[in-house]
Each structure stands twice: as structure tokens, then as C-alpha cells.
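Enquirer:
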Amino acid sequence: MPVLDRDASKDSGGRDALPKLPVPNLKDTLDRYLSCMKHLLTEEQFNKTQNIVTQFGAPGGVGELLQSKLTERSENMANWVYDYWLNDMYLNNRLALPVNSSPAMVFPQQNFKAPIDSLRFAAHLISGVLEYKTHLDDRNLPADYARGQLAGTRLCMEQYYRLFTSYRLPGPERDTLVAQESSVMPEPEHIIVACKNQFFVLDVMINFRQLNQRDLLTQLEKIVKMADNEEEQLPPIGLLTSDGRTEWAESRSVLMRESTNRDSLDMIERCLCLVCLDDASGPELSDTTRAMLMLHGGGLTKNGGNRWYDKPMQFIVGADGCCGVVCEHSAFEGIVLVQCTEYLLKCMIGSPSKLVRAASVSELPAPRRLRWKCTPEIHKLITSAADKLQRMVKNLDMSVHKFHDYGKEFIKKQKMSPDAYIQVALQLGFYRCQGRPVSTYESASLRRFQQGRVDNIRSATPEAFAFVKAMTEGKNSTSDTEKMELLKGAITAQTSYTRLAITGMAIDNHLLGLRELAHEMKMGKLEMFKDEAYLISNQFILSTSQVPTTVEMFCCYGPVVPNGYGACYNPQSDHIIFSVSSFHDSQQTCSAEFVKCLVQGLRDIRDLCNKCNADCAATEERKDQKTAIFSLCCLHQFLCLLYQYCVPIHLLKKQSILL
Ligand code: COA
1 MPVLDRDASK
11 DSGGRDALPK
21 LPVPNLKDTL
31 DRYLSCMKHL
41 LTEEQFNKTQ
51 NIVTQFGAPG
61 GVGELLQSKL
71 TERSENMANW
81 VYDYWLNDMY
91 LNNRLALPVN
101 SSPAMVFPQQ
111 NFKAPIDSLR
121 FAAHLISGVL
131 EYKTHLDDRN
141 LPADYARGQL
151 AGTRLCMEQY
161 YRLFTSYRLP
171 GPERDTLVAQ
181 ESSVMPEPEH
191 IIVACKNQFF
201 VLDVMINFRQ
211 LNQRDLLTQL
221 EKIVKMADNE
231 EEQLPPIGLL
241 TSDGRTEWAE
251 SRSVLMREST
261 NRDSLDMIER
271 CLCLVCLDDA
281 SGPELSDTTR
291 AMLMLHGGGL
301 TKNGGNRWYD
311 KPMQFIVGAD
321 GCCGVVCEHS
331 AFEGIVLVQC
341 TEYLLKCMIG
351 SPSKLVRAAS
361 VSELPAPRRL
371 RWKCTPEIHK
381 LITSAADKLQ
391 RMVKNLDMSV
401 HKFHDYGKEF
411 IKKQKMSPDA
421 YIQVALQLGF
431 YRCQGRPVST
441 YESASLRRFQ
451 QGRVDNIRSA
461 TPEAFAFVKA
471 MTEGKNSTSD
481 TEKMELLKGA
491 ITAQTSYTRL
501 AITGMAIDNH
511 LLGLRELAHE
521 MKMGKLEMFK
531 DEAYLISNQF
541 ILSTSQVPTT
551 VEMFCCYGPV
561 VPNGYGACYN
571 PQSDHIIFSV
581 SSFHDSQQTC
591 SAEFVKCLVQ
601 GLRDIRDLCN
611 KCNADCAATE
621 ERKDQKTAIF
631 SLCCLHQFLC
641 LLYQYCVPIH
651 LLKKQSILL
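Numbering (UniProt numbering), first residue to last: 1 to 659.
1) What is the rounded straight-line gap between the Cα of residue 604 and the Cα of residue 460?
2) Please determine whether the Cβ atom of residue 367 lies at a distance below 7 Å from any heavy atom of ligand 1.
3) Could you spell out the range, first to last residue, of the alpha helix (DSSP H) harbouring residue 445?
4) Please return the same chain residues whose Cβ sits closer than 8 Å to the Cβ of residue 425, not counting the five positions on each side in sequence.
5) Let me confirm a value: residue 353 is counted as buried when at least 16 other C-beta atoms fall within 10 Å, else exposed. Which label applies?
6) How many whole angstroms separate the CB atoms of residue 662 and residue 277, which I take to be in contact at a CB cut-off of 8 Å?
7) In whole angstroms, give me the CA-to-CA distance for residue 109 and residue 160.
8) Could you give the residue range of the beta strand (DSSP E) that holds residue 198?
9) Nearer than 7 Å: is that true of the beta carbon of residue 154 relative to any heavy atom of ligand 1?
10) Looking only at its chain, what residues have a beta carbon closer than 6 Å to the beta carbon of residue 505, apart from the 5 residues adjacent to it on each side?
11) What residue from 560, 421, 390, 580 has the CA that sits closest to residue 239's CA?
12) Determine the contact status of residue 174 and residue 265, defining contact as a CB-CB distance below 8 Å.
13) Can you say whether residue 253 is buried or exposed, counting buried as having 16 or more other CB atoms within 10 angstroms of its CB?
14) Note down the Cα distance separating residue 309 from residue 96, rounded to an integer number of angstroms.
15) Considering only residues of the same chain and omitting the five flanking positions on each side of residue 280, which have a CB-CB separation below 7 Å?
16) What I want to know is whether the C-beta of residue 444 ends up closer than 7 Å to one or more non-hydrogen atoms of ligand 1.
17) Report the rounded CA-to-CA distance for residue 577 versus residue 537, giving the unit in angstroms.
18) Does residue 245 come out as helix, strand or coil in the three-state DSSP assignment?
19) Between the Cα of residue 348 and those of 50, 51, 407, 119, spot the shortest distance and give me the residue it belongs to.
20) For residue 42, tell me which candidate among 571, 533, 543, 569 has the shortest Cα-Cα distance.
21) Given a cut-off of 8 Å, decide if residue 539 and residue 561 are closer than it, judged by their beta-carbon atoms.
22) Comparing C-alpha positions only, which one of 33, 26, 105 sits nearest to residue 497?
23) How big is the Cα-Cα spacing for residue 17 and residue 502?
24) Relative to ligand 1, is the shortest distance from any of its heavy atoms to the C-beta of residue 416 smaller than 7 Å?
25) Would you check if the distance between the CB atom of residue 126 and the CB atom of residue 216 is smaller than 8 Å?
26) Expressed to the nearest angstrom, what Euclidean distance is found between the alpha-carbon atoms of residue 448 and residue 335?
27) Less than 8 Å between C-beta atoms, sequence neighbours within five positions excluded: which residues of the same chain meet that for residue 121?
28) Can we count residue 147 as close to ligand 1, meaning its CB is less than 7 Å from some heavy atom?
29) What did DSSP end up calling residue 501 once you bin it into helix, strand or coil?
30) How far does the beta strand (DSSP E) with residue 415 in it reach, from first residue to last?
31) Taking 8 Å as the threshold, find out whether the stretch 517-524 comes into contact with the stretch 400-415 through three or more Cβ pairs.
32) Do residue 104 and residue 556 come within 8 Å of each other at the CB atom, strictly closer than that value?
33) Is it true that the stretch 285-304 meets the stretch 398-405, where meeting means three or more beta-carbon pairs spaced less than 8 Å apart?
34) What is the DSSP secondary structure of residue 353, counted as helix, strand or coil?
35) Do you know whose CA, among 476, 154, 403, lies nearest residue 142's CA?
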């Protein structure tokens, strides 16, 4: 069993120990909003926005009224922003989950020599999941503590308990995040195994006994045989879950007319997780290809139908060794996903010899294939979903790059925060590509607070803008010393914003809270939130996130706007992994080009640091030399004096002795 190698103190489950998310001061947020936006707007836009914001924040005005209501709300709730944020970020979003919303972790490429190897891997993985679930059920997961900035604070553990118990139910206007409440007599647990677009119920408890790895292997072998039986093949229903959320909600209600379908949906919605046994996808399995396959399955012609996107955890085990996990994001953040998958990977990859060799000999009832009654209407809906997924597959422009020149140790040696440094490099890379700064999102964890999720670090700071302009202007217009000062300013600004965000003082959640309250209070759409600047502020052309790992794997996700980039990074001691995504059909983006500019930016910043360090060292050396010369001169003078005074005395003494 792998070690849950975090702090030994267990998660008490009690929220009381954590503070509540504070409500920032209204004036601070409005001032910060203006300073975040000024350089992203034209002068005219900014002047208009400044007036709107001043009116909104005027004494006795709408802003103050909303602020007092928000304070009231925060007193009555564990977390005043949780519902607003969940709806805004995920549940109201009507876009299809693959690429647009669900991130993926890409495992190291596996070397399966025979088909049975992938099943052994899957059996091992499932048994790890069952072990992990036991820790969750016993509430004995070690508590997480913050690292990096403001390290040491205890973190909220709630997201872990949604890993294997939640489901995102599609709705016509808004989805629902359903959490299974644990009942007094827990139901027997099962996993859904997807194979060749068919879904099978794999009971993990049979006759009050949890299946061991050998049993699991036996059951998986049976599933593969059943899936191969062409006569029994059913349509690829899973494709419906890759459709837009409103479309899927409609298709689901059509499916629900048949009791067979209702039973099948119920089994999927209540399962622990999915394990997707994928067919081999093609000859080339670069990091970039594997990332794309995790995000969308390769469409109908590959494994796109072998998915059920509403379920938070879908493990993918490809016959060609392309493995990973794709997640429905509304239930938890990437960091929690990493902790769980690292546990599983340490269990499997760390001890391959423990992989089960032979199948079980015990008689087990065969896993059950889920049945679907498909009317012509359903067939049409599947075809339409498949077409849209295919377009998505063609449209995704992905580039995964391992930057090997240096990693976070070099950055720490510069006495800079690695995260802030990488963010400034992303700003530089983007500015090189497009010659303008844009609204940028960086996720900042709020898990220091009860029910904490994330807020936004607005990394396109005015200080970063000043630095990137200086770095990209014609040669010699700014000296290296000045550039270095600008770099330090940008890093300091980024680090301060990070500290604000992780202590609950950032602006995005606050503005969202005020906006939603105004909506609840039926105030109509306020100028403040109708303003073009507010819309621009929420168009995250750069959507970035640090997802660090301690096991060899990386995270990836898609862009959040049609003309934007998704940029996920995983800083390691001596290298950094970047997963950059965009859409081919945008004229403004190209992932490979952005990666190229980013790499150049990272090299330029390193060279600047090295040059300034060398200059500093040379200045220090010159100072040292001057000090040494000065000391020698002093010594010389001292010796001269000594000679002048002491020698005659000495001679006198000598003479007196002689006398
Ligand atoms: N000099 C030397 N070292 C420094 C330094 C400095 N000036 N500033 C920071 N460091 C060190 C830190 O001590 C830390 O050391 P460690 O690796 O030994 O722990 C390391 O550099 C990293 O710190 P930093 O780069 O500042 O980042 P961080 O770890 O504090 O992370 C965030 C910053 C914003 C990414 C983090 O707070 C966060 O919120 N993470 C969650 C992101 C998330 O939710 N992602 C998933 C979204 S789905």
C-alpha cells in the first residue's frame, strides 16, 4: 500500500477549525479593479469605467448597499461565494465538457506488451481506488497544509469527499452537482467499465467481500469478451454526454422515457468512477497527442464514445499504454485530483511487481452490460453529438512542451517566487506573440477557508506590462539594470497579488458576489456589470494554472474563450512542463507559436538575471579589490608610521643599553 505521505495529523472533517472566507473592503476592490484594467483598455473606455466605478462606490450608493448585504450573507453562511462561484464557473456554463471544462492528468506512457497487461494495470488501479475510498470513508486522509506562499496553514479537505460520490446532472439552463449522501446502510458499490463504447457494471463487493486484484482482473477479462461480441453491441450512448449541456439535458430526458434507460442511467450516476478501457489510438504517442486523447478521446472513430463526461473521475487505460484520468471539474480542483492520482500511481508504478499475474479462480457472477433502448430520435441525437465532438477534435490545437533549460531551483536562487516568475514569463511570451496585454486568469487556492475553492490572480499586472514592453522594445532603449528593476517590480506585484488572493482579498469573487446579489435583489443589470470593461475583464484570453506533481505526469485543459490559450504548468526542480492549448479556428492563436515565444521569454529572463548577477558580482569584486587596496595602503601607512616612531625608540633603547 502506498504511503499517504503528508502530515500525519488526520482530517478531522470539522470545518470549525478553519476561518470563514472574508469579504474584502469595497473601496479596495474597486481601486484594484481600476488598476488591473487601466492598461487593458483604451483611454476612452477607461475614463467611462472610472466614472461608472466612482458612481457605484459613492457613499450611500448601490455598492455600499450590496456590500452590506454581502456582509450579512457572509455571517449566515459557511462561505458566501461558494454557490455563486460554482454556478458561474461551471453549472451555468452551457458549453460541452470535453476540452472546454474537464481537465485531464496524463500518466507516463505505459509499455503494455500484451493486451492482458493493460487489464492488469486497470485491476491494480481499481484496487488502489478502493483502498483510497476506504481512507475517505474512514475519514482518515491526512490533512493538507499550505506550501509555498504563507506555508503551514491547514487546508479545507471537503473537495476530497466529492471525488467518488458526486455527479454533474445536466439541466436545461443550469446543471446540478449531485452529492450522494452516505446512508446508514451503504449501498453495494460498483464501478462502470467502458469498453468499445459499451458500459458494464463491475460490482466491487460480492457476497460482502471486496474483490481483490485477481478477481478484478477476472471480471475485466469477461468485460472485454462481452464487449467484443458484435451481436450485442449497443449504440455509443456516451457521446451524448460530450454534447453541449442543454442539448445533453434534452437528450437525457428523451432517454428517460424508457425504464431500461432509466435503470442504466441510475447505475452510471451512482457509480464510484469510470474505468475506460480504450482501444489503441494510432502510431504516434507524443505527450501532445496523449494530452489531446485524454481531453477528447479522439472522437467517434477512436475512443470519444468510450466516456461518460458527467462523472468526476474517469480513468483511461489505453491498450497502447496511453493512460490518464479526465475529470468533471465542478466537484474539485486539480490539486486534489493530483493528490489522489499520485496515491494511485505510487501504488501501481512504484511497485509493478505487485501487479497481479493471474486471474482469480473463484466463481464470480459476470459483470452486467448496461442496456439502452434507442429510438430513431436518440440515434439522431447521437449522430449530432458525434459530429460536434469530431469538430472539437479537429479544432483543438495542443502543444505540450518540457522546458529543460532550468526549473524552479534556478528561480529560487534569484530569490524570486517560481510561480510569479513563470507568470511574468507567460506575460512576456504572450506579448511577444500578440503585442498587447490581455485579461489573465491564474487560479489561487482558497482552501485556507471553509468550503474554499479558488479565486483569480490577475497576472496581467501594470508592472508586468512595463517589464514586457521594456523586454520587447528595440535594442538598447532600456538598460539591463533598468530591465532588472522592472522584472523585480513585476515579480513583487505578482507575489503580492498572490498573497491577496490566497487570503481571500482578490477582486473577482467579490465583484461576482456583488453582481449576483444585485440580481437576487432584482436591481436589473447594473451599469457596473454591463460596462464593456467588466466584460473584457472576464474574457480570459490567457487562462493559466499551476498544477505541480511529485510523480511523473502532467495536467492539461482547453482554452476558456474561442480566441484564447489554456496554459497549465508543472514546475519541477530542473525543468518545467507546459501544456498549451488553443483552437485552430481562431486566427489569433497558435499553440506552437505561443510555446516558442514563451521559451524565448524564459531564456531572456534567465539571461537578464545571469547578466545582472554577473554585473553585481563584478561590482562586488571591484568593491572588494578597492577595499583590499585601501587596506593595503592603510597597512603600509601604519608600517611607515611604526617605522618612523618605533625604530628610533628601538635605536634609542639599543643605545641606552649600550650606554
Ligand atoms: N525566494 C526563494 N524561494 C521562494 C521565494 C523567494 N522569493 N518565493 C517562493 N519561494 C519558494 C517557496 O518557499 C516554495 O518552496 P517549496 O517548493 O520548498 O515549497 C516554492 O518557491 C514555490 O513557491 P511559489 O512559486 O511562490 O508558489 P506557491 O507554491 O506558493 O504557489 C499558487 C502559488 C498561487 C500557485 C498557490 O498558492 C495556489 O493557489 N495553488 C493552487 C493552484 C490551483 O488551484 N491549481 C489547480 C487549478 S484546477
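Every residue gets a Cβ at the ideal spot worked out from N, C-alpha and C, and that includes glycine.
Owing to the predicted nature of the structure, the values given are computational and were not obtained by experimental measurement.
Expert: With the given structure in hand:
1) Within the sequence shown, residue 604 is the residue found at index 604, counting from 1. Within the sequence shown, residue 460 is the residue found at index 460, counting from 1. If you take the alpha carbons of residue 604 and residue 460, they lie about 19 Å apart.
2) Residue 367 sits at position 367 when you count from the first residue of the sequence shown. Not under cutoff, so the answer is no.
3) Within the sequence shown, the letter at position 445 stands for residue 445. Counting along the chain, residue 445 falls outside any alpha helix (DSSP H), though it belongs to the beta strand (DSSP E) covering 440-445.
4) As a working note, residue 425 is residue 425 in the sequence shown. Within the same chain, and ignoring the five residues on either side of residue 425 in sequence, the residues whose Cβ sits closer than 8 Å to its Cβ are 598, 601, 602, 605.
5) Working through the sequence shown from its first residue, we reach residue 353 at position 353. The predicted position of residue 353 is uncertain, since its pLDDT is 49 and thus under 50; a value taken from the coordinates is nonetheless stated next. Label assigned to residue 353: exposed.
6) Nothing in the structure corresponds to residue 662, since the chain is present only between 1 and 659.
7) As a first step, residue 109 is located in the sequence shown; it is residue number 109 there, counting from the start. As a first step, residue 160 is located in the sequence shown; it is residue number 160 there, counting from the start. It is roughly 26 Å from the alpha-carbon of residue 109 to the alpha-carbon of residue 160.
8) Counted from its first residue, the sequence shown places residue 198 at position 198. Element bounds for residue 198: 198-203.
9) Stepping through the sequence shown from its first residue, residue 154 is reached at position 154. For ligand 1, not one heavy atom lies less than 7 Å from the Cβ of residue 154.
10) Sequence index remark: in the sequence shown, residue 505 carries index 505 (1-based). So the qualifying residues of the chain are 24.
11) Numbered from 1 along the sequence shown, position 239 holds the residue referred to as residue 239. For the set 560, 421, 390, 580, the Cα lying nearest the Cα of residue 239 is the one of 390.
12) Translated into the one-based positions of the sequence shown, residue 174 becomes position 174. Translated into the one-based positions of the sequence shown, residue 265 becomes position 265. At least 8 Å separates the beta-carbon of residue 174 from that of residue 265.
13) Counting from 1 along the sequence shown, the entry for residue 253 is found at position 253. When all chains shown are included, residue 253 counts as exposed.
14) By one-based count along the sequence shown, residue 309 stands at place 309. By one-based count along the sequence shown, residue 96 stands at place 96. Residue 309 and residue 96 have their C-alpha atoms roughly 9 Å apart.
15) Position 280 of the sequence shown, counted from the first residue, corresponds to residue 280. Counting only residues of its own chain and dropping the five nearest sequence neighbours on each side, residue 280 has a CB closer than 7 Å to the CB of 318, 319, 320.
16) The residue you call residue 444 lines up with position 444 of the sequence shown. Because some heavy atom of ligand 1 lies under 7 Å away, the Cβ of residue 444 counts as near it: yes.
17) Within the sequence shown, the letter at position 577 stands for residue 577. Within the sequence shown, the letter at position 537 stands for residue 537. If you draw a straight line from the Cα of residue 577 to the Cα of residue 537, it comes to about 28 Å.
18) Locating residue 245 in the sequence shown gives position 245, counting from the first residue. The answer is helix: DSSP assigns residue 245 an H, G or I state.
19) As a first step, residue 348 is located in the sequence shown; it is residue number 348 there, counting from the start. Comparing Cα-Cα distances from residue 348 to each of 50, 51, 407, 119, the minimum goes to 119.
20) Within the sequence shown, residue 42 is the residue found at index 42, counting from 1. Checking every option, the nearest Cα to that of residue 42 belongs to 533.
21) In the sequence shown, residue 561 corresponds to position 561, counting from 1. In the sequence shown, residue 539 corresponds to position 539, counting from 1. Going by C-beta atoms, residue 561 is nearer than 8 Å to residue 539.
22) Within the sequence shown, the letter at position 497 stands for residue 497. Here the closest residue by C-alpha is 33.
23) On the sequence shown, residue 17 is found 17 positions in, with the first residue counted as 1. On the sequence shown, residue 502 is found 502 positions in, with the first residue counted as 1. Residue 17 and residue 502: Cα-Cα distance of roughly 17 Å.
24) To locate residue 416, count along the sequence shown from 1; it is residue 416. Indeed, a heavy atom of ligand 1 lies less than 7 Å from the Cβ.
25) Counting from 1 along the sequence shown, the entry for residue 126 is found at position 126. Counting from 1 along the sequence shown, the entry for residue 216 is found at position 216. In contact: residue 126 and residue 216 (Cβ atoms closer than 8 Å).
26) Along the sequence shown, one-based indexing puts residue 448 at 448. Along the sequence shown, one-based indexing puts residue 335 at 335. The straight-line gap from Cα to Cα measures roughly 14 Å.
27) Counting from one through the sequence shown, the residue named residue 121 turns up at place 121. 110, 112, 317, 323, 348, 355, listed in sequence order.
28) Position 147 of the sequence shown, counted from the start, is the residue given in the question as residue 147. Inclusion of residue 147 in the 7 Å shell around ligand 1 follows from its C-beta lying nearer than that to a non-hydrogen atom of the ligand.
29) Your numbering for residue 501 matches position 501 in the sequence shown. In the three-state reduction of the DSSP assignment, residue 501 falls in the helix class, which pools H, G and I.
30) If you number the sequence shown from 1, residue 415 lands on position 415. Taken as a continuous stretch (DSSP letters only), residue 415 belongs to no beta strand (DSSP E), as it is neither H nor E.
31) Taking 8 Å as the limit for Cβ pairs, the verdict is that the stretch 400-415 does not touch the stretch 517-524.
32) For the purposes of this step, residue 556 is taken as residue 556 along the sequence shown, with counting starting at 1. For the purposes of this step, residue 104 is taken as residue 104 along the sequence shown, with counting starting at 1. Pairing residue 556 with residue 104 gives a Cβ-Cβ distance under 8 Å.
33) Contact between the stretch 285-304 and the stretch 398-405 is present: 3 or more CB-CB pairs across the two stretches fall below 8 Å.
34) Working through the sequence shown from its first residue, we reach residue 353 at position 353. Bear in mind that a pLDDT of 49 at residue 353, under 50, signals an unreliable position, so the number given afterwards is only what the model happens to contain. It is helical.
35) Numbered from 1 along the sequence shown, position 142 holds the residue referred to as residue 142. If we check each option's Cα against that of residue 142, 154 comes out closest.
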